[in-house]
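FYI, the numbering for the sequence shown is 1 to 289, going by full-length UniProt numbering.
Glycine included, every Cβ here is placed at the ideal spot set by N, Cα and C.
Quick notes on the structure that follows.
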Amino acid sequence: MTVASPRLEPVDFDSLVNAGINRPARYMGHELGVEPRDWQASRVRWALSYPEIYEVGGSNQGHIILYSILNAVPGQLCDRAYLPAQDLAQRLRDLRQPLFAVESRRPLQAFDILGFSLCYELGATNILEMLDLAEIPLLASDRGHQPLNDLAAPPLIFAGGPTATSNPEPYAAFFDFVALGDGEELLPEIGLVVADAKANGLSRSSLLQDLAQVPGVYVPSLYGQGSDGTSIVPLEPAAPAKILRLEASIDSMGRSLKPVQVQHWLAEQMGESLRMTGVQRQELKLLRC
Numbered sequence: 001m002t003v004a005s006p007r008l009e010p011v012d013f014d015s016l017v018n019a020g021i022n023r024p025a026r027y028m029g030h031e032l033g034v035e036p037r038d039w040q041a042s043r044v045r046w047a048l049s050y051p052e053i054y055e056v057g058g059s060n061q062g063h064i065i066l067y068s069i070l071n072a073v074p075g076q077l078c079d080r081a082y083l084p085a086q087d088l089a090q091r092l093r094d095l096r097q098p099l100f101a102v103e104s105r106r107p108l109q110a111f112d113i114l115g116f117s118l119c120y121e122l123g124a125t126n127i128l129e130m131l132d133l134a135e136i137p138l139l140a141s142d143r144g145h146q147p148l149n150d151l152a153a154p155p156l157i158f159a160g161g162p163t164a165t166s167n168p169e170p171y172a173a174f175f176d177f178v179a180l181g182d183g184e185e186l187l188p189e190i191g192l193v194v195a196d197a198k199a200n201g202l203s204r205s206s207l208l209q210d211l212a213q214v215p216g217v218y219v220p221s222l223y224g225q226g227s228d229g230t231s232i233v234p235l236e237p238a239a240p241a242k243i244l245r246l247e248a249s250i251d252s253m254g255r256s257l258k259p260v261q262v263q264h265w266l267a268e269q270m271g272e273s274l275r276m277t278g279v280q281r282q283e284l285k286l287l288r289c
């Protein structure tokens, strides 16, 4: 029987986010509209992030749409993660506790895939900060070759969004792959490839080669600079010479999605917003004791 590493189990939330942390509601999760999935029953576990503090990232509808779509795929689980404020970031470093997702409260290391929405250039530094807090190697080349079903393997790190799609090269060294274009149809297909790779124990490099065959997926490690000094050319015969950007169809945009209600930043001062769930109110009460 495989025993999970303690570093992959849910964090001790009460010891991390207590009365010494400002606005603790931003880290609690359990918002209205959230439907947590069964961790053990999931074949592929995603964590998606808009790399800003919760009040900014959680209100971005793009990653919430993708979150909802992935959680509707059988056998797949999607959680969310955000950039912690400076007080919690310092506490995580002081306690050597990796950054965690807001619903399962598991370290980001425990997921199979960790994706970031890169919507403007300066957001890249927030991504690096989150990877550092998660204790995940910053460079894709430093993440080893273990299969994802090896508990020591770091998650696949990818970026999507307009900045990643328009010019991924400045950030290519940090990502295992880049999702070009709209993710509504692309991400579920990526999940199926990853599920198959986990079932067959494929190495990380073999999995990335398989992902490179999916239209809209760019795997930087399979490409290099051309002789003209400006173009990007395949380094392996299996890598496509051209990668097409995917656009979501009207049908995929019209799915029935349940919105996630982001907690208002004044919740701690106002005795909690009426939108807070009973779980959140009880946790905040305990934190104040």
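For the pair residue 240 and residue 234, the Cα-to-Cα distance works out to about 7 Å.
A direct Cα-to-Cα measurement between residue 184 and residue 78 gives close to 14 Å. If you compare the alpha carbons of 179, 157, 32 with that of residue 142, the shortest gap goes to 157. Looking from the CA of residue 212, the closest CA among 35, 199, 107, 180 belongs to 180. Across the set 31, 92, 49, 56, the C-alpha of 49 shows the shortest separation from the C-alpha of residue 81. Assignment of beta-bridge partners to residue 29 by DSSP yields no partner. For residue 217, the pairing in a beta bridge is given by DSSP as 179.
In this structure, 115 is the residue among 237, 115, 20 with its C-alpha nearest to the C-alpha of residue 101. Take residue 36, set aside five residues on each side of it, and the residues of its chain with a beta-carbon closer than 6 Å to its own are 103, in chain order. Annotation for residue 165: 180, 181, 245 place their beta carbon closer than 7 Å to its own, counting only its chain and skipping 5 residues before and after.
Distance from the Cα of residue 31 is smallest, within the candidate group 64, 187, 110, for 64.
Looking at the backbone, the Cα of residue 238 and that of residue 107 are separated by about 34 Å. With contact defined as three or more Cβ pairs closer than 8 Å, the segment 186 to 195 and the segment 212 to 228 are in contact. Residue pairing by DSSP places residue 102 in no beta bridge whatsoever.
Among the bridge pairs identified by DSSP, residue 79 is matched with 47. Between residue 51 and residue 126, the C-beta spacing is below 8 Å.
Spatial neighbours of residue 161 in its own chain (CB-CB distance under 7 Å, excluding positions within 5 residues in sequence) are listed in chain order as 117, 118, 119.
Sequence-distant Cβ neighbours of residue 85 in its own chain, meaning closer than 7 Å and more than five residues away, are 22, 53. In the three-state scheme derived from DSSP, where H, G and I count as helix and E and B as strand, residue 146 is classed as coil.
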